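What follows is a single structure, written as structure tokens, with notes after it.
Number of protein chains: 2
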Amino acid sequence: MSMLSNKAQYAFRALTYLVDKYNQGPVLISDIAKKKKIPLKFLENILLELKKAGILDSKKGKGGGYYIKEHPSKTSVAAVVRIVNGPISMLPCVSLYFYERCANCDEKNCGLHDVMEQVRDATLNILEKRTLEDLASGRESLG
Amino acid sequence: MSMLSNKAQYAFRALTYLVDKYNQGPVLISDIAKKKKIPLKFLENILLELKKAGILDSKKGKGGGYYIKEHPSKTSVAAVVRIVNGPISMLPCVSLYFYERCANCDEKNCGLHDVMEQVRDATLNILEKRTLEDLASGRESLG
DNA sequence: TATTACCCTACTTGTTTGGTAGGATATTGT
DNA sequence: ACAATATCCTACCAAACAAGTAGGGTAATA
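Line by line, the protein sequences give chains A and B.
Numbering-wise (our numbering), the first sequence opens with residue 1 and increments by one.
Numbering-wise (our numbering), the second sequence opens with residue 144 and increments by one.
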């Protein structure tokens, strides 16, 4: 299997909720966990990770919580995937952010490399353009 | 991580070798393992799996070995990925061959679903068209 | 200064991945 | 026939990872 991890799916569910609450002040972790049915402590880890990566910001103490840092249209789906799920490419040797040379393979003359490079480009062409805004419940259309 | 597994990469390396030897009779597992630097017993499992899936065929006894069943242009890269690596889609709820309903998510009104559906289509558009033939060492061009 | 709520480290449990071991079975040359 | 060859099959093992839990530390605020 190589799908998005459970963690990544939780992250997107939480982010969707936060998009819906954008500009309405901090949202409690416990609130998100309850509404989106995500294990509380696990969600804590995920949100913290997204904060460290610069997607979210938080406020401590009473009246605190998490909220999306910039306008939802500023954060791409690709960025989120990379943070909570890792590489987007199907091979290390075609990854832009997680590149690793492949063992026993001449990249200049490797058919698989070429195919996977095309897949990467096609995928990124979508994931880099789509943003958190596209995940919101009330969105109009995806064009 | 959600890249192709080590196993899948081994599979493609082995298949590349078999494409190069197409129509030259059965090839020994030990030959492939040696030339492509793949652990012998592990490779046995992989080739067997590809045989059961109908990609390869084999001959036992002296002069035996593995060989590609149909013409290399008949087997898509997508088919191989599904056999040795599983789903191609990033979410179960957009998978064609490994579909599963997603928990707590209305597919009809889910932004992430729509995005991942597009990614799936873009990916399959490439992986279904590319074949084992494209992996061969001596190929001319990828057009 | 007590309460709230995020922050942080560490741990546990179950599953998957990447192999290995050893023999059973089928084929073929002599 | 029979020995050699080479695939086929079942089971096992260790390390890595995923998913989730525990428990307290720290900062803000009323």
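Ideal Cβ positions, reconstructed from N, Cα and C, are used throughout, including at glycine.
This structure is a prediction, so every number in the text was calculated from the model and none was measured.
For residue 96 of chain A, the nearest candidate out of A/105, A/12, A/123, A/70 (CA to CA): Looking at A/105, A/12, A/123, A/70, the one whose alpha-carbon comes closest to that of residue 96 of chain A is A/123.
Nearest-angstrom Cβ-Cβ length linking residue 260 of chain B and residue 224 of chain B, presumed shorter than 8 Å: About 18 Å; that fails the 8 Å criterion.
Check whether chain B comes within 8 Å of residue 11 of chain A, counting only Cβ atoms and requiring the distance to be less than that. Taking Cβ atoms only, chain B never reaches closer than 8 Å to residue 11 of chain A, which makes this a no.
Simplified DSSP assignment, three categories, for residue 173 of chain B: Three-state DSSP puts residue 173 of chain B in a helix.
Can you find a CB in chain B that lies within less than 8 Å of the CB of residue 89 of chain A? Judged by the 8 Å Cβ criterion, residue 89 of chain A is in contact with chain B.
Hey, how far is the Cα of residue 37 of chain A from the Cα of residue 216 of chain B? About 47 Å.
From residue 274 of chain B to residue 149 of chain B, what distance separates their C-alpha atoms? Taking the straight line from one Cα to the other gives about 20 Å.
Hey, would you say residue 231 of chain B sits closer than 8 Å to residue 255 of chain B, going by beta carbons? No, the pair does not count as a contact, with Cβ atoms beyond the cut-off.
With a cut-off of 8 Å, does the C-beta of residue 54 of chain A fall near any C-beta of chain B? So, not an interface residue.
Confirm the yes/no value for this check: CB of residue 185 of chain B, any heavy atom of the ligand ADP, distance under 7 Å. The model depicted lacks the ligand ADP and carries no ligand whatsoever.
What residues of chain B sit near residue 126 of chain A, judged by a beta carbon separation below 7 Å? The contact set of residue 126 of chain A on chain B, defined by CB atoms closer than 7 Å, consists of 258, 261, 262, 265 in chain order.
With 9 Å as the C-beta to C-beta threshold (strictly closer), list the residues of the region 211-230 of chain B near chain A in chain order. Listed by position along the chain: 220, 224, 228, 229, 230.
Can you pull the chain B residues whose beta carbon is under 8 Å from the beta carbon of residue 92 of chain A, in chain order? Neighbours of residue 92 of chain A on chain B, chain order: 146.
Can we say the region 152-170 of chain B touches the region 35-52 of chain A, given the rule of at least three CB pairs closer than 8 Å? In the pairwise beta carbon analysis, the region 152-170 of chain B is classified as not touching the region 35-52 of chain A: fewer than three pairs are separated by under 8 Å.
By alpha-carbon positions, which one of A/69, A/66, A/98 ends up nearest to residue 120 of chain A? Ranking the options by Cα distance to residue 120 of chain A, first place goes to A/98.
Any idea what DSSP makes of residue 234 of chain B, helix, strand or coil? Three-state result, residue 234 of chain B: coil.
Taking the beta strand (DSSP E) that residue 114 of chain A falls in, what are its first and last residues? Unbroken run through residue 114 of chain A is the alpha helix (DSSP H), 111-127; no beta strand (DSSP E).
Could you pull the DSSP bridge partners for residue 210 of chain B from this structure? Under DSSP, residue 210 of chain B takes part in a beta bridge, and its partners are B/200.
Backbone CA spacing between residue 279 of chain B and residue 26 of chain A [nearest angstrom]: Take the alpha-carbon of residue 279 of chain B and the one of residue 26 of chain A: they are about 56 Å apart.
Would residue 40 of chain A pass as an interface residue toward chain B - the criterion being a Cβ-Cβ separation below 8 Å? Residue 40 of chain A does not count as touching chain B.
So residue 56 of chain A packs on residue 50 of chain A, CB below 8 Å; how close in whole Å? Correct: roughly 5 Å between the Cβ atoms.
For residue 20 of chain A, which option in A/68, A/33, A/54, A/48 has the closest C-alpha, if you only look at C-alpha atoms? Closest in C-alpha terms to residue 20 of chain A, from the list A/68, A/33, A/54, A/48, comes A/68.
Collapsed DSSP secondary structure at residue 141 of chain A in the structure displayed: Model confidence at residue 141 of chain A stands at a pLDDT of 46, short of 50, so the residue's coordinates are unreliable; what they give is reported in the following sentence. Coil, per DSSP.
DSSP on residue 5 of chain A, reduced to helix/strand/coil? DSSP places residue 5 of chain A in coil when its eight states are reduced to three.
Any residues in the region 163-190 of chain B with a beta carbon nearer than 8 Å to a beta carbon of chain A? Which ones, in chain order? Answer set for the region 163-190 of chain B: 179, 180.
Rank A/23, A/134, A/114, A/47 by C-alpha distance to the C-alpha of residue 276 of chain B and give the top, closest one. The option with the nearest alpha carbon to residue 276 of chain B is A/114.
Any chain A beta carbon closer than 8 Å to residue 200 of chain B: Among the residues facing chain A, residue 200 of chain B is not included, as its CB has no counterpart in that chain under 8 Å away.
For a cutoff of 8 Å on Cβ pairs, would you count residue 96 of chain A as touching chain B? Cβ-Cβ to chain B under 8 Å: no for residue 96 of chain A.
Just checking my contact of residue 172 of chain B with residue 158 of chain B at CB under 8 Å: how many whole Å lie between their CB atoms? So it is not a contact: roughly 13 Å between Cβ atoms.
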